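From first to last, the protein sequence lines stand for chains S and V.
Residue numbering for the first sequence follows the numbering used here, starting at 4 and increasing by one per position.
Residue numbering for the second sequence follows the numbering used here, starting at 4 and increasing by one per position.
A virtual CB, placed ideally from N, CA and C, is assigned to each residue, including glycine.
Bear in mind the structure is a predicted one, so any value in this text is a computation, not a measurement.
Since the structure comes first, as structure tokens, the remarks are kept for the end.
There are 2 protein chains.
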Amino acid sequence: MKKDYIFTPGPTPVPPAVSLAQVRMIHHRSDEFGLLLARVLDGLKYVFQTENDVLLFTSSGTGAMEGAVANCFSAGDRVAVFNGGKFGERFVEITRYFGLDVINLEYEWGDSADPAALDKVLSENADLKGVFLTHSETSTGVVNDVETFGRMVAETPALLVVDTISGLGAAPFRTDAWNVDIAVSGSQKALMTPPGLAFAAVSDKAWEAADSAALPSYYFSFKEARKSQSKTPPQTPYTPAITLVQALDEALKMVRAEGLEHIQERHRLFSRATRAAVEALGLELFAKDLPTAVVATSVVSPAGVNSGDLVRLMRTEFGVFIAGGQGKAKGKIFRMGHVGFFDPFDITTQVAALELALLRLGCPVDIGAGVTAALGVLASG
Amino acid sequence: MKKDYIFTPGPTPVPPAVSLAQVRMIHHRSDEFGLLLARVLDGLKYVFQTENDVLLFTSSGTGAMEGAVANCFSAGDRVAVFNGGKFGERFVEITRYFGLDVINLEYEWGDSADPAALDKVLSENADLKGVFLTHSETSTGVVNDVETFGRMVAETPALLVVDTISGLGAAPFRTDAWNVDIAVSGSQKALMTPPGLAFAAVSDKAWEAADSAALPSYYFSFKEARKSQSKTPPQTPYTPAITLVQALDEALKMVRAEGLEHIQERHRLFSRATRAAVEALGLELFAKDLPTAVVATSVVSPAGVNSGDLVRLMRTEFGVFIAGGQGKAKGKIFRMGHVGFFDPFDITTQVAALELALLRLGCPVDIGAGVTAALGVLASG
């Protein structure tokens with residue numbers, strides 16, 4: 004008997020009620036769907052903590068990242084991209100792809116984006132049009148200090164564009180209060196919904212920039228999305244992934260019921276428990292800024308063990324899906340997810356499987372030490 | 004007691020096994036998903052009748068339409084768009100949006116695209132880079148003669164781009180044999196899957212054009228999609244709508260089991276039965292080229308009846324969803340769908356609801372005449 008446990012930092016476990024909401028399909032031009040979409044857009048505003056429009060697209064999160072670039076910038080615009088992982092790299096790639104003049108601010112994988120570097124780039128580039136930041140860098144587990152970045156960028160004409168695909172909901176994120184101009188997210192992380200929906204919260208400052216932007220974006224047109232969503236009842240410009248929107252509606256009901264603050268507290272607790280387990284097992288943590296890494300705990304693979312082998316073993320032998328390293332961290336780290344629909348026993352199960360796998364790979368393991376440490380944290384809340 | 008019947012020409016009814024395939028979610032970087040995606044891509048080749056790559060995107064069909072334009076053309080390219088309905092208009096809009104030099108070949112809604120017009124435009128424009136055609140124009144029900152267009156365009160350097168979003172599977176469509184360079188489709192019509200996945204079958208001639216094309220398309224990049232899909236096992240560049248891909252896998256198994264020829268014969272039979280019912284009720288058919296209109300039967304609303312009122316009444320009173328007119332046909336026609344997961348009793352139910360609704364609206368109706376005529380056709384096969 005082997006069960007499947009999706010403990011990767013995305014896609015993440017989907018609650019049964021959310022899964023089942025996909026089974027029926029209502030027509031997207033019906034009153035019922037209009038009401039549902041209105042409720043979903045309202046729920047997204049709550050999650051994003053914004054009074055502005057949150058646009059919904061049928062796509063991966065990357066689609067909304069492209070939308071942010073193509074709708075609000077023009078070729079030649081000077082922008083700074085903070086790049087400390089695979090998703091920072093993606094913003095570098097997209098902005099370069101569209102011909103922006105990109106300052107690639109690389110920082111060490113596992114480190115946080117440095118406000119001092121922002122200060123420097125802002126002071127040296129009065130013409131800076133945008134700052135791109137990853138809230139939760141899923142490839143390393145690091146959660147960046149969006150609030151400080153927002154305060155600094157708000158004093159300039161530049162837009163702050165934040166990828167909060169894995170961070171939204173799990174880590175504190177206040178779009179309006181933190182002056183985030185475009186916040187991009189997706190359905191498949193803390194929102195506990197299968198992948199296929201992407202979102203963009205857009206500030207007035209970003210809408211103004213959109214008026215003079217000159218890059219093409221048809222499917223991901225922010226203006227078209229806003230126009231359709233402004234109708235009564237709201238619509239989407241093109242046929243949406245109806246069953247996923249239904250699923251998201253269920254998930255957002257759960258988010259409202261638990262409340263963002265409690266959800267974020269739960270994420271902090273589970274990441275503390277996971278870190279305690281990893282340390283009790285004598286393993287080295289990869290991300291430097293530990294307390295904020297609430298989406299995933301990245302761990303350096305034990306000496307002589309390729310993390311890919313560890314991840315594969317956990318999948319094939321125990322049905323437990325954790326993630327390996329991506330890009331330059333491939334083979335070197337593994338990532339234990341705890342974002343979204345997780346309870347205490349998902350944490351202990353994940354740690355238990357890790358212990359068994361390490362043993363199989365011939366690593367020295369004090370069996371039970373990780374689980375005990377995790378339980379200790381969980382017990383004390 | 005009121006049940007819901009989705010009889011619109013998209014989204015279309017979803018078989019229970021397909022709906023239920025969304026409930027579980029496997030990880031998209033697992034071997035299991037790799038095998039599933041390989042099977043799906045293979046099934047799509049069968050449905051498209053092509054040996055070339057069929058690219059899969061998480062988006063509405065419109066996303067793949069944009070991809071066709073942005074990946075294989077450049078600003079200033081002279082192209083001809085056959086435009087006889089809402090989806091022909093969409094191709095005009097997208098090609099213009101990207102700065103192509105568009106010859107808008109409008110023809111009457113309800114008519115077919117005319118090969119003589121193609122002959123003229125080809126002979127007058129030696130530099131023509133592309134011809135855009137709608138296979139099944141969902142807004143009118145007309146199915147165009149792609150085979151003849153393909154034969155003519157193949158003799159020129161131009162690419163033939165065909166929107167077969169509602170046509171694929173329902174009406175004969177042979178991508179390779181008919182020399183279609185880019186065929187674009189979606190999950191939510193004859194493929195009996197919820198909306199959210201789009202496809203593009205791309206010929207060698209189109210790939211060559213892509214090498215010199217100069218429009219930006221990041222998320223819908225054909226080359227990136229091909230690169231990921233060429234891996235063993237195949238992947239997608241970005242997190243796909245996993246649960247929809249699982250659903251599509253189930254649907255494609257059903258398509259294989261029934262066989263394309265039988266499916267298309269069934270669509271012809273159901274459209275004949277629907278037409279017979281409409282005529283028996285003394286209503287006027289809207290599309291001129293009747294025998295090919297296998298996706299939807301478009302009907303002129305009876306004198307004094309706004310088709311929107313009729314559609315609304317059928318929804319609210321009987322739970323039967325048919326479609327009204329779009330764009331310039333709004334209020335004037337209604338469209339009875341019969342594409343995808345339909346059986347004979349979906350046809351008689353749809354006609355029965357139409358009879359009851361017409362009666363409620365005070366139209367003269369010989370109750371039972373439509374159902375009887377439809378059954379007569381269905382009985383004789």
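Contact check, residue i vs residue j under 8 Å by CB: the rounded distance?
i: phenylalanine 273 of chain V; j: isoleucine 350 of chain V; result: 5 Å
i: methionine 339 of chain V; j: alanine 279 of chain V; result: 12 Å between Cβ atoms; not a contact.
i: tyrosine 8 of chain S; j: valine 380 of chain S; result: In fact, because the Cβ distance is near 20 Å, the residues do not count as touching under 8 Å.
i: phenylalanine 225 of chain V; j: alanine 203 of chain V; result: 7 Å
i: methionine 155 of chain V; j: aspartate 179 of chain V; result: Wrong, their Cβ atoms sit about 16 Å apart, outside the cutoff.
i: valine 187 of chain S; j: alanine 83 of chain S; result: Actually they are not in contact, since the Cβ atoms of valine 187 of chain S and alanine 83 of chain S sit about 17 Å apart, beyond 8 Å.
i: lysine 132 of chain V; j: glycine 343 of chain V; result: That pair is no contact at about 34 Å.
i: threonine 141 of chain V; j: phenylalanine 90 of chain V; result: 6 Å
i: tyrosine 222 of chain S; j: serine 231 of chain V; result: About 19 Å separates the two Cβ atoms, so there is no contact after all.
i: glycine 66 of chain S; j: alanine 290 of chain S; result: Actually they are not in contact, since the Cβ atoms of glycine 66 of chain S and alanine 290 of chain S sit about 27 Å apart, beyond 8 Å.
i: glycine 170 of chain V; j: serine 139 of chain V; result: 3 Å
What's the C-alpha gap between residue i and residue j?
i: glutamate 69 of chain S; j: aspartate 184 of chain V; result: 26 Å
i: leucine 23 of chain V; j: arginine 27 of chain S; result: 9 Å
i: glutamate 282 of chain V; j: valine 297 of chain V; result: 16 Å
i: isoleucine 245 of chain V; j: alanine 116 of chain S; result: 32 Å
i: alanine 228 of chain S; j: asparagine 74 of chain V; result: 23 Å
i: histidine 270 of chain S; j: phenylalanine 10 of chain S; result: 14 Å
i: valine 145 of chain V; j: lysine 256 of chain S; result: 43 Å
i: proline 236 of chain S; j: proline 118 of chain S; result: 42 Å
i: serine 77 of chain S; j: alanine 217 of chain S; result: 5 Å
i: tyrosine 241 of chain V; j: alanine 382 of chain V; result: 48 Å
i: glycine 373 of chain V; j: alanine 356 of chain V; result: 10 Å
i: valine 368 of chain V; j: leucine 286 of chain V; result: 10 Å
i: arginine 275 of chain S; j: proline 305 of chain S; result: 20 Å
i: glycine 172 of chain S; j: glutamine 353 of chain S; result: 22 Å
i: arginine 42 of chain S; j: glycine 365 of chain S; result: 52 Å
i: leucine 38 of chain V; j: leucine 194 of chain V; result: 20 Å
i: leucine 378 of chain V; j: aspartate 346 of chain V; result: 12 Å
i: alanine 157 of chain V; j: glutamate 92 of chain V; result: 24 Å
i: valine 21 of chain V; j: proline 197 of chain V; result: 9 Å
i: aspartate 166 of chain S; j: glutamate 109 of chain V; result: 43 Å
i: phenylalanine 321 of chain S; j: valine 17 of chain S; result: 19 Å
i: valine 205 of chain V; j: glutamine 25 of chain S; result: 31 Å
i: leucine 313 of chain S; j: histidine 31 of chain S; result: 44 Å
Starting from the Cα of residue i, find the closest Cα among the options and give me that residue.
i: aspartate 80 of chain V; options: V:Tyr110, V:Val134, V:Thr65; result: V:Val134
i: arginine 177 of chain S; options: S:Thr319, S:Asp45, S:Glu54, S:Gly330; result: S:Glu54
i: alanine 326 of chain V; options: V:Asn86, V:Pro219, V:Pro12, V:Tyr222; result: V:Pro12
i: arginine 259 of chain V; options: V:Ala180, V:Gln25, V:Gln52, V:Lys5; result: V:Gln52
i: glycine 311 of chain S; options: S:His341, S:Gly343, S:Leu361, S:Leu263; result: S:Leu361
i: leucine 284 of chain V; options: V:Asp346, V:Phe321, V:Phe348, V:Gly371; result: V:Gly371
i: leucine 293 of chain V; options: V:Thr277, V:Val308, V:Ser304, V:Gly307; result: V:Thr277
i: proline 160 of chain V; options: V:Tyr222, V:Leu125, V:Phe337, V:Ser190; result: V:Leu125
i: lysine 3 of chain V; options: V:Thr143, V:Ala376, V:Pro197; result: The first residue shown for chain V is 4 and the last is 384, placing residue 3 of chain V beyond what the model contains.
i: threonine 137 of chain V; options: V:Asp130, V:Phe36, V:Tyr100, V:Leu163; result: V:Leu163
i: aspartate 252 of chain S; options: S:Arg32, S:Glu111, S:Asp45, S:Val308; result: S:Asp45
i: arginine 315 of chain V; options: S:Pro19, S:Ser33, S:Ala174, S:Tyr100; result: S:Ser33
i: phenylalanine 60 of chain V; options: V:Lys331, V:Val248, V:Ala212; result: V:Val248
i: valine 149 of chain S; options: S:Ala174, S:Glu127, S:Asp130, S:Arg318; result: S:Ala174
i: threonine 295 of chain S; options: S:Asn147, S:Ile266, S:Val303; result: S:Asn147
i: arginine 363 of chain S; options: S:His341, S:Met317, S:Gly384; result: S:Met317
i: valine 95 of chain V; options: V:Asn309, V:Asp214, V:Gly102, V:Asn107; result: V:Asn107
i: glutamate 35 of chain V; options: S:Ile336, S:Gly330, S:Thr319; result: S:Thr319
i: lysine 234 of chain S; options: S:Asp56, S:Gln329, S:Trp181, S:Val302; result: S:Asp56
Tell me where the beta strand (DSSP E) around residue i begins and ends.
i: leucine 162 of chain V; result: 162-166
i: methionine 339 of chain V; result: 336-340
i: valine 302 of chain V; result: 299-303
Starting from residue i, trace the alpha helix (DSSP H) in both directions and tell me its first and last residue.
i: glycine 144 of chain V; result: No alpha helix (DSSP H) contains glycine 144 of chain V, which DSSP labels as neither H nor E.
i: aspartate 312 of chain V; result: 310-321
i: threonine 266 of chain V; result: What sits at residue 266 of chain V in the sequence shown is isoleucine, not threonine. Its alpha helix (DSSP H) spans residues 263-283.
i: leucine 59 of chain S; result: From DSSP, leucine 59 of chain S is part of no alpha helix (DSSP H) but of the beta strand (DSSP E) over 57-61.
i: threonine 375 of chain V; result: 372-383
i: alanine 355 of chain V; result: 347-363
Is the closest heavy atom of the ligand FMN to the C-beta of residue i under 7 Å?
i: alanine 360 of chain S; result: With respect to small molecules bound, the structure shown includes none, and the ligand FMN cannot be examined in it.
| query | Where are the beta strand (DSSP E) runs, 3 residues long or more, that stay fully inside the stretch 81-160 of chain S, in chain order? | reply | 81-86, 104-109, 133-137
| query | At which residue ranges does the stretch 172-235 of chain S contain complete beta strand (DSSP E) runs of 3 or more residues, listed in the order of the chain? | reply | 185-189, 200-205
| field | Contiguous beta strand (DSSP E) assignments of at least 3 residues, all confined to the stretch 11-63 of chain V | value | Runs of the beta strand (DSSP E) inside the stretch 11-63 of chain V: 57-61.
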